[in-house]
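Numbering (my numbering), first residue to last: 34 to 144.
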């Protein structure tokens, strides 16, 4: 069984919500079509970076390493500011980070 399965799924959920947000951004731009496309391009590129980071974190937290925990914590803290849905997801993710299942180290394997 893989470790931190719930946290991995939470990162996937955040990535899916962000993809839906990108789709809405493009739709909204096309409906208004009065604002500058520079802002749209910057917003889409920024959201794609966030999606990539969450997908990377979703794969890495299954390993249970310290670095993957720090990456997940970093992304979760920034998610706290996305009120209200992001805050709820971030609180759930912080709870799952608290229940972190780490990779076995050398000393625990030899006992």
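Glycine residues also receive a C-beta, built at the ideal position from the N, C-alpha and C atoms.
Remember, predicted model here, so these are calculated numbers, not experimental data.
**Message:** Can you find the residues in the same chain that come closer than 6 Å, C-beta to C-beta, to residue 39, ignoring five residues on each side of it along the sequence?
**Reply:** 129
**Asked** Which of the three DSSP states, helix, strand or coil, is assigned to residue 37?
**Response** coil
**Endpoints, the alpha helix (DSSP H) within which residue 123 is located** = 118 to 131
**Message:** Just verifying my parser: in three-state terms, what is the DSSP assignment at residue 97?
**Reply:** coil
**Message:** Just to confirm, is the Cβ distance from residue 48 to residue 84 under 7 Å?
**Reply:** yes
**Prompt:** Got a sec? Which residues, its chain only, sit under 6 Å from residue 126 by beta carbon, not counting five neighbours each side?
**Reply:** 43, 109
**Item:** Of the listed residues 50, 135, 73, nearest to residue 61 (C-alpha basis)
**Value:** 73
**Asked** Leaving out the 5 sequence neighbours to the left and right, which residues in its chain are closer than 8 Å to residue 45 when beta-carbon positions are compared?
**Response** 87, 88, 91
**Prompt:** Who are the Cβ neighbours of residue 133 in its own chain at under 7 Å, not counting the five residues just before and after it?
**Reply:** 37, 102
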